[in-house]
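*Asks:*
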Amino acid sequence: MNEYFLLPLASLPFPNINPILIQIGPLAVHWYGIGYIVGILFAWWYAKRLAANPKLWPDGVLPMKPEDLDDFIVWAAIGVVLGGRTGYVLFYDLARYIAHPLDIFAVWQGGMSFHGGLLGVILAMTLFSFKRGIRTWSLFDVVAAGVPVGLGLVRVANFINSELWGRPTDVPWAIEFPNGGPFTRHPSQLYEALLEGLVLFLVLRILTHSHLKLKTPRFVGGAFICGYGLSRIFVEFFREPDQQLGYLLGTNWLTMGMILSTPMVLAGIWAMATAKPVIQTQQQAT
Numbered sequence: 432m433n434e435y436f437l438l439p440l441a442s443l444p445f446p447n448i449n450p451i452l453i454q455i456g457p458l459a460v461h462w463y464g465i466g467y468i469v470g471i472l473f474a475w476w477y478a479k480r481l482a483a484n485p486k487l488w489p490d491g492v493l494p495m496k497p498e499d500l501d502d503f504i505v506w507a508a509i510g511v512v513l514g515g516r517t518g519y520v521l522f523y524d525l526a527r528y529i530a531h532p533l534d535i536f537a538v539w540q541g542g543m544s545f546h547g548g549l550l551g552v553i554l555a556m557t558l559f560s561f562k563r564g565i566r567t568w569s570l571f572d573v574v575a576a577g578v579p580v581g582l583g584l585v586r587v588a589n590f591i592n593s594e595l596w597g598r599p600t601d602v603p604w605a606i607e608f609p610n611g612g613p614f615t616r617h618p619s620q621l622y623e624a625l626l627e628g629l630v631l632f633l634v635l636r637i638l639t640h641s642h643l644k645l646k647t648p649r650f651v652g653g654a655f656i657c658g659y660g661l662s663r664i665f666v667e668f669f670r671e672p673d674q675q676l677g678y679l680l681g682t683n684w685l686t687m688g689m690i691l692s693t694p695m696v697l698a699g700i701w702a703m704a705t706a707k708p709v710i711q712t713q714q715q716a717t
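Numbering (this note's numbering), first residue to last: 432 to 717.
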């Protein structure tokens, strides 16, 4: 730790944006919550556009009805919130919530796990697709294609909240966060917003519209899972680990985020490698 005191004082100024967008009496609307809401609404709107474009689907046959996605948004929101909160409690701070179980419901204090939220949405998609008779992987593909926008917005909200900041550094774009100690740090939230948000969205857009990969169920969903996992693992090398966990297995680099993201990379590679066009699958089945 002594070497960190030698870091230069020069850094980019922290913008000090109020984490609360609007407050009326006890009711406060946080940027963090806005990020989740806008992200879910965008993914819903974008999925409807994909599902309604016959050029993107085998033989021009649409995989689902628009009203299916209208109904699914409620399932998705429940899956994100319940899964994200449950994942954070189990993966990141279980001891605290065992000691203070009522804090589990204080979601306005922060504490959401992407990995838990993903599992929650996958469960919601599986149940919903069986109920509606929709091909599960096609539902996963259209939903996954728009999710990176919400991820990027939530990471920007993390930056505004001055939370989940990066490790100490002396790079020219380092920032001294108001609650990050006397160190200049990586703005790792913005790294994640760029990679998990903008870059991943553009990659999936190329797959859906240039390479027509929606005709190959689970390829786009696999690319999303793999792309997120790789992005998260990369950024974890610049991100300060959660204080209650620190580095794992006696290392000075391994984090919980890396451990949880590694199976995502493997699952995504498997999904892409084994994905087959619908027509080929039907021919083989006959």
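Note that beta-carbon positions come from the ideal geometry of N, C-alpha and C, so glycine has one too.
(1) For V469 versus L584, is the C-beta distance shorter than 8 Å?
(2) What would DSSP say about A537, mapped onto helix, strand or coil?
(3) Can you tell me which of L638, I535, G677 puts its alpha carbon nearest to the alpha carbon of L481?
(4) If you draw a straight line from the C-alpha of I504 to the C-alpha of A605, how long is it?
(5) Please list the terminal residues of the continuous beta strand (DSSP E) segment that includes I455.
(6) Put V492 into one of helix, strand or coil per three-state DSSP.
(7) Compute the distance between the beta-carbons of P579 and L631, then report whether it is under 8 Å.
(8) Would you verify that the beta carbon of I656 is, or is not, closer than 8 Å to some beta carbon of chain C?
(9) Once you ignore the five residues that flank P489 on each side, which residues in its own chain have a CB closer than 8 Å to its CB?
(10) Excluding five sequence neighbours on each side, which residues of the same chain lie with their C-beta closer than 7 Å to the C-beta of W475?
(11) Using only the alpha-carbon positions, how far apart do M556 and I453 sit?
(12) List the endpoints of the continuous beta strand (DSSP E) containing V460.
(13) Would you tell me roughly how many angstroms separate the C-alpha atoms of L533 and T600, rounded to the nearest one?
(14) Quick one, which of V511, I448, N610 has its alpha-carbon nearest L472's?
(15) How big is the Cα-Cα spacing for K562 and T615?
(16) On the criterion of 16 or more Cβ atoms from any shown chain inside 10 Å, does P485 qualify as buried, or is it exposed?
(17) Suppose only complete runs of 4+ residues qualify. What are the alpha helix (DSSP H) ranges in the region 535-584, listed by chain order?
(18) Whose CA, out of L685, C657, P648, L621, lies closest to the CA of V487?
(19) My parser needs the alpha helix (DSSP H) runs of 4 or more residues fully inside the region 584-634; what are they?
(20) Taking a contact to mean a Cβ-Cβ separation below 8 Å, would you say G681 touches R663 in this structure?
(21) Between the C-alpha atoms of P497 and A507, what's the straight-line distance to the nearest angstrom?
(22) In terms of residue numbering, what span does the alpha helix (DSSP H) encompassing W701 cover?
(23) Taking G699 and G653 to be in contact with their CB atoms under 8 Å, please state how far apart those CB atoms are, rounded to whole angstroms.
(24) Since T682 is in the alpha helix (DSSP H), which residue starts that stretch and which ends it?
(25) Have a look at R670 and P603 and give me their C-alpha separation to the nearest angstrom.
(26) Checking 8 Å against the spacing of the C-beta atoms, do G547 and Y528 come in under that value?
(27) Could you please give the first and the last residue of the uninterrupted alpha helix (DSSP H) stretch that includes G658?
*Replies:* In brief:
(1) For the purposes of this step, residue 469 is identified with residue 38 of the sequence shown, where counting begins at 1. For the purposes of this step, residue 584 is identified with residue 153 of the sequence shown, where counting begins at 1. For V469 and L584, yes; Cβs fall inside 8 Å.
(2) Position 106 of the sequence shown, counted from the first residue, corresponds to residue 537. Three-state result, A537: coil.
(3) Within the sequence shown, residue 481 is the residue found at index 50, counting from 1. Per the Cα distances, L638.
(4) Looking up residue 504 in the sequence shown gives position 73. Looking up residue 605 in the sequence shown gives position 174. Approximately 38 Å, taken between the alpha carbons.
(5) Residue numbering aside, residue 455 sits at position 24 when the sequence shown is read from its first letter. Looking at the DSSP string, the run of the beta strand (DSSP E) that includes I455 is 451-455.
(6) Indexing the sequence shown from 1 puts residue 492 at position 61. The three-state secondary structure of V492, taken from DSSP, is coil.
(7) Sequence index remark: in the sequence shown, residue 579 carries index 148 (1-based). Sequence index remark: in the sequence shown, residue 631 carries index 200 (1-based). Between P579 and L631, the CB-CB gap stays under 8 Å.
(8) Checking the listed chains, one finds no chain C in this structure; it contains a single protein chain.
(9) As a first step, residue 489 is located in the sequence shown; it is residue number 58 there, counting from the start. Here P489 has K646, P708, V709, I710 as same chain residues with Cβ atoms under 8 Å from its own Cβ, once five neighbours each way along the sequence are excluded.
(10) Residue 475 sits at position 44 when you count from the first residue of the sequence shown. Within the same chain, W475 has close Cβ partners L500, I504.
(11) Within the sequence shown, the letter at position 125 stands for residue 556. Within the sequence shown, the letter at position 22 stands for residue 453. About 33 Å.
(12) The count along the sequence shown starts at 1 and reaches residue 460 at position 29. Where V460 is concerned, the enclosing beta strand (DSSP E) stretches over 458-461.
(13) The count along the sequence shown starts at 1 and reaches residue 533 at position 102. The count along the sequence shown starts at 1 and reaches residue 600 at position 169. Rounded to whole angstroms, L533 to T600 spans 37 Å at the Cα level.
(14) Here the question's residue 472 lines up with position 41 in the sequence shown. Answer by Cα proximity: V511.
(15) Working through the sequence shown from its first residue, we reach residue 562 at position 131. Working through the sequence shown from its first residue, we reach residue 615 at position 184. Rounded to whole angstroms, K562 and T615 show a C-alpha spacing of 51 Å.
(16) The count along the sequence shown starts at 1 and reaches residue 485 at position 54. Result: exposed.
(17) The DSSP assignment places complete alpha helix (DSSP H) segments of no fewer than 4 residues inside the region 535-584 at 545-563, in order along the chain.
(18) Here residue 487 refers to the residue found at position 56 when the sequence shown is read from its first residue. The question names Val, yet the displayed sequence has Leu at residue 487. Ranking the options by Cα distance to L487, first place goes to P648.
(19) List check, alpha helix (DSSP H) in window: 619-623.
(20) Counting from 1 along the sequence shown, the entry for residue 681 is found at position 250. Counting from 1 along the sequence shown, the entry for residue 663 is found at position 232. Contact: no.
(21) Against the sequence shown, residue 497 aligns to sequence position 66. Against the sequence shown, residue 507 aligns to sequence position 76. P497 and A507: Cα-Cα distance of roughly 15 Å.
(22) The residue labelled residue 701 in the question sits at position 270 within the sequence shown. Annotation: the continuous alpha helix (DSSP H) that includes W701 extends over 687-705.
(23) Within the sequence shown, the letter at position 268 stands for residue 699. Within the sequence shown, the letter at position 222 stands for residue 653. About 5 Å separates the two Cβ atoms, so the contact holds.
(24) Position 251 of the sequence shown, counted from the first residue, corresponds to residue 682. Premise fails: T682 is in no alpha helix (DSSP H) and is neither H nor E.
(25) Counted from its first residue, the sequence shown places residue 670 at position 239. Counted from its first residue, the sequence shown places residue 603 at position 172. C-alpha separation (whole angstroms): 17 Å.
(26) The count along the sequence shown starts at 1 and reaches residue 547 at position 116. The count along the sequence shown starts at 1 and reaches residue 528 at position 97. In this structure, G547 keeps its C-beta atom at 8 Å or more from the C-beta atom of Y528.
(27) Sequence index remark: in the sequence shown, residue 658 carries index 227 (1-based). Its alpha helix (DSSP H) spans residues 650-667.
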